[in-house]
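Enquirer: The following block contains the structure, expressed as structure tokens.
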Amino acid sequence: MDALLQWCSKLIEPVPGRRLGLSAVAGDASFRRYFRLDGCEPTRIAVFAPPDKERNLEFTRIAGMLREAGVCAPEVLAHDSANGFLLLSDFGDTLMLGALDEHSVEGLYARAMDTLLRIQGAATVREGWHLPAYSEALLLQEMQLFPDWYLEGLLGIVLGAHDRALLRELFARLVASAQEQPQVFVHRDYHSRNLMLLPGGALGVIDFQDAVTGPLT
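See the structure below:
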């Protein structure tokens with residue numbers, strides 16, 4: 306990642322007596338690669354996200370929407386859209402998932418619910434750009450994961466024509482319910498692996514670039 310480090314070096318001054326360097330950090334199920342920029346204070350997160358495969362502009366815009374709503378989303382310090390480079394504030398390495406135990410679970414999930422309410426209150430339009438709608442096609446596509454991946458893929462249950470017809474009817478009712486509800490900011494992947502435990506106990510929200518405007522519940 307020489308090109309990424311060179312780009313970061315044009316933006317960030319190292320601590321006197323040190324050199325900037327990149328060290329890989331755990332990523333997610335995507336084409337994005339994450340690195341911690343060391344040798345500066347504070348450290349930052351440098352990201353290589355191939356522009357032909359990742360929604361970098363959406364990530365930048367949505368981060369701004371969330372931060373304006375008081376949600377702890379990473380600050381986008383700089384971005385190079387052509388090369389797929391981003392420089393973000395560093396949320397550390399502690400996932401909410403890894404911090405859960407019998408003593409912390411209730412408090413952390415209470416904070417996660419408070420954060421979710423802030424997310425739902427975020428604006429869905431910013432500077433003339435708006436989140437895409439949680440369309441009927443997308444809702445049905447995601448519901449179809451239940452029979453395809455869970456029932457058949459994991460449990461080995463092969464559904465007959467009658468069962469599939471029942472599911473189609475159920476899915477149609479769920480779509481109708483979703484479209485009748487108040488429409489709010491929807492993260493779409495909100496769970497304990499996409500929440501970071503920050504110093505002081507706040508929860509940082511990540512992996513939000515696929516957000517949409519959709520149902521309240």
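Numbering (the working numbering), first residue to last: 306 to 522. Glycine included, C-beta positions come from ideal geometry on N, C-alpha and C.
Have a look at S440, L325, D515, A378 and flag the residue whose alpha-carbon is nearest the alpha-carbon of D307.
Expert: L325
Enquirer: Rank P504, R473, G519 by C-alpha distance to the C-alpha of V489 and give the top, closest one.
Expert: V489 has its Cα closest to that of G519, out of P504, R473, G519.
Enquirer: I need the straight-line Cα distance from N388 to P355, nearest angstrom please.
Expert: Answer to the nearest angstrom: the Cα atoms are 7 Å apart.
Enquirer: Let me check understanding here. Comparing Cα to Cα, which of R360, T420, R372 lies closest to S335?
Expert: R360
Enquirer: Could you pull the start and end residues of the alpha helix (DSSP H) that T420 belongs to?
Expert: It spans 410-425 - the alpha helix (DSSP H) in which T420 sits, taken as one unbroken run.
Enquirer: What does a CB cutoff of less than 6 Å around K358 pick up in its chain, not counting 5 residues either side in sequence?
Expert: Counting only Cβ-Cβ distances below 6 Å, and skipping sequence neighbours, we find F336.
Enquirer: Between the segment 307-318 and the segment 343-352, do three or more beta carbon pairs fall short of 8 Å?
Expert: yes
Enquirer: Buried or exposed: which applies to Q449, given that a residue is buried once 16 or more other Cβ atoms fall within 10 Å of its Cβ?
Expert: exposed
Enquirer: Could you check if L392 is buried or exposed, using at least 16 other CB atoms within 10 Å of its CB as the buried criterion?
Expert: buried
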